[in-house]
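Each remark here refers to the structure printed beneath this line.
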Amino acid sequence: MASSKKNDVISVASPHTIKKFELISKYVEAWVEILLNSQKCNGIVYIDCMSNSGVYRKETEDGEIIEGTALLVANIIAKAMEKYSSRQAFLYFNDKESDKIDELNTRLPKMTHNFHIQTYSMDASELLNKISSQFSSVFQGMNFLLIYDPYDANIDWEALMPFMRNWGEIIINHMVSDTVRAAKTAKRQAVIDKYERTYRTNIEDLISFGSDRNAYEQKIQSIIRDLSGRRDRYYIASFPFFNKRKSVVYDLIHCTGHHLGFDLFKEIAWKTFGDKSSDKKENDDSEYEQLSLNLFTGEVEVENHTDDSCYTLRDVAKYLQDHFKGQADVPKDEVLNYIADHPVFPTRNYKTKIWNALKRHYGAVVKQQTITFSDRS
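Its first residue numbered 11, the sequence shown is counted upward by one per residue in our numbering.
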């Protein structure tokens, strides 16, 4: 009986979930170092308002136990605070199921004079309201990272808004597969309310999106920009996660008023996926060039195929080539600025790889300060 209860507390993690753990934890590791090295930052606040038990079972025969986001991040920050002993870190973990928080509490690292953890078992929105009310008092001069990771398409924007309008980062799991699958068949008022609240639109208009994943994604990003109060000065990066059938399960959305945080998240995501923007396909050119029939000439031609759910460095090169085609001695800074605000393409620590892709696929001439683009398509 006890074993069965333990199994209920420890969830099974699919490969895409494990990849999510990896991306978030690597981002936090880099984020902490950058912030705590800054004289302007008094410390950090990390909030995971839907943290689960901290451990998961892999989808393997032996059901290997692995650490999830909560434990990975807690250990990363605990180690960092040993180095930055004059700074403070406050970590908040919450799950509505108290058994999961009880399990997490048995595994968290010990607190110290500058490393503080609080755990809760309450509604996520209630916790966020509690924390946001302390911005001007307890957390003045500190930077925060909020992880908002619901298991379905259920986003409380009112609870998130104070964080969007403050000095920090938010990572939101947009469970778009839930909406694509179930919004059109929703009958119970509570379910309809959930979708209408998440997308801030009535169910009839939402159903008109059909199975267009991009429409739901754009709607969510539009809401984020509106609520941030900063529009063009608020940056949103978004990366899809796929199941074994190559269907999108959710998008991991990073939003911030810091361009550095935006650049960093894109860099870490591409490194996590192996120089791609998702795990949908292998990182090669086998699916890039496709044969097609020109209906006007009757000839078979080669078309370059870009999959916007799994960009590669070749796609970044194509995007730049399409814009700068035939131009000579374009300053490298101008080239990078053109993709700096792209929601997916990386620039931080990816310059050399992008230049190499331009040379390899489009014959660009890359000099120390400038790039000359060929006339190729």
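A virtual CB, placed ideally from N, CA and C, is assigned to each residue, including glycine.
Contacting residues, own chain, Cβ-Cβ under 7 Å from residue i (five flanking each side not counted)
{"i": "A338", "result": "T382"}
{"i": "V22", "result": "Y66, R67, E69"}
{"i": "I141", "result": "I57, Y102"}
{"i": "H352", "result": "none"}
{"i": "M11", "result": "Confidence in M11 is poor, its pLDDT being 40 and thus under 50, which makes the residue's placement unreliable; the coordinate value appears in the next sentence. Cβ within range, chain order: n/a, list empty."}
{"i": "R370", "result": "none"}
{"i": "R10", "result": "Because the chain in this structure spans residues 11 to 387, residue 10 falls outside the shown range and cannot be described."}
{"i": "K342", "result": "Q379, T380, I381"}
{"i": "T362", "result": "none"}
{"i": "D105", "result": "M60, S61, N62, I111, S131"}
{"i": "F252", "result": "H26, V258, V259, S288, D289, K290"}
{"i": "H269", "result": "Y245"}
{"i": "F275", "result": "Y37, A247, H264"}
{"i": "P119", "result": "A84, N85, A88"}
Where residue i sits in the DSSP three-state scheme
{"i": "L44", "result": "A quick correction: the sequence has Ile, not Leu, at residue 44. DSSP places I44 in helix when its eight states are reduced to three."}
{"i": "M174", "result": "helix"}
{"i": "K68", "result": "strand"}
{"i": "S248", "result": "strand"}
{"i": "V345", "result": "helix"}
{"i": "H26", "result": "helix"}
{"i": "S21", "result": "strand"}
{"i": "V354", "result": "coil"}
{"i": "I57", "result": "strand"}
{"i": "H264", "result": "strand"}
{"i": "N286", "result": "The sequence as given places Lys at residue 286; Asn does not occur at that position. Looking at K286 - three-state DSSP - the assignment turns out to be strand."}
{"i": "I381", "result": "strand"}
{"i": "T322", "result": "strand"}
Reference residue i, options the options, closest by Cα
{"i": "A81", "options": "M60, D72, S95, G73", "result": "In the sequence on display, residue 81 carries Leu and not Ala. Comparing Cα-Cα distances from L81 to each of M60, D72, S95, G73, the minimum goes to M60."}
{"i": "D162", "options": "D188, R117, A90", "result": "D188"}
{"i": "V55", "options": "L45, G64, T357", "result": "L45"}
{"i": "N224", "options": "P250, F149, Y94", "result": "P250"}
{"i": "W167", "options": "I182, L155, N153", "result": "I182"}
{"i": "W177", "options": "D215, P119, G239, V190", "result": "G239"}
{"i": "A84", "options": "V42, S108, S146", "result": "V42"}
{"i": "D318", "options": "E227, D242, Q379, I364", "result": "E227"}
{"i": "G267", "options": "H315, E107, R241, L346", "result": "R241"}
{"i": "K335", "options": "N366, I180, Y372", "result": "Y372"}
{"i": "Y260", "options": "L270, S248, H269", "result": "S248"}
{"i": "S387", "options": "L368, V376, K377", "result": "L368"}
{"i": "G220", "options": "A200, R191, Y209", "result": "R191"}
{"i": "A196", "options": "V186, I213, T208, I180", "result": "I213"}
{"i": "L156", "options": "E39, S143, E179, S135", "result": "E179"}
{"i": "F173", "options": "A200, R210, Y94, H264", "result": "H264"}
{"i": "R175", "options": "L237, P119, T208", "result": "L237"}
{"i": "D332", "options": "S384, Y360, E344, A134", "result": "S384"}
{"i": "E292", "options": "G271, F272, K256", "result": "K256"}
{"i": "S108", "options": "N347, R198, D133", "result": "D133"}
Own chain partners of residue i with C-beta closer than 6 Å, once the 5 adjacent residues on each side are dropped
{"i": "I230", "result": "H184"}
{"i": "F125", "result": "A88, M91, A99"}
{"i": "G151", "result": "N52"}
Residues near residue i in its chain [Cβ-Cβ closer than 8 Å; skip 5 each side]
{"i": "M121", "result": "I127"}
{"i": "T282", "result": "K29, E32, L33, K36"}
{"i": "I278", "result": "L33, K36, Y37, A40"}
{"i": "I20", "result": "S63, V65, Y66, R67, I75, E113"}
Cβ-heavy atom distance, residue i to the ligand GTP, below 6 Å
{"i": "F31", "result": "Looking for the ligand GTP in the displayed structure turns up nothing, as the structure carries no ligands at all."}
- Message: Under 8 Å, with one C-beta from each stretch per pair, do the region 320 to 335 and the region 273 to 293 reach the 3-pair mark?
- Response: yes
- Item | Contiguous alpha helix (DSSP H) assignments of at least 4 residues, all confined to the region 167 to 233 | For the region 167 to 233, whole alpha helix (DSSP H) runs of length 4 or above, ordered along the chain, are 167 to 174, 186 to 192, 199 to 209, 213 to 217.
- Task: Please list the segments of the alpha helix (DSSP H) lying wholly inside the region 73 to 158, counting only runs of 4 or more residues, in order along the chain.
- Result: 79 to 93, 108 to 115, 134 to 142
- Message: Closer than 8 Å is the cut-off here; do at least three beta carbon pairs connect the region 204 to 215 with the region 159 to 179?
- Response: yes
- Task: Tell me, please, whether the region 231 to 251 touches the region 347 to 362 by the rule of three or more beta-carbon pairs shorter than 8 Å.
- Result: yes
- Message: With a threshold of 8 Å, are at least 3 pairs of Cβ atoms found where one atom belongs to the region 139 to 158 and the other to the region 168 to 178?
- Response: yes
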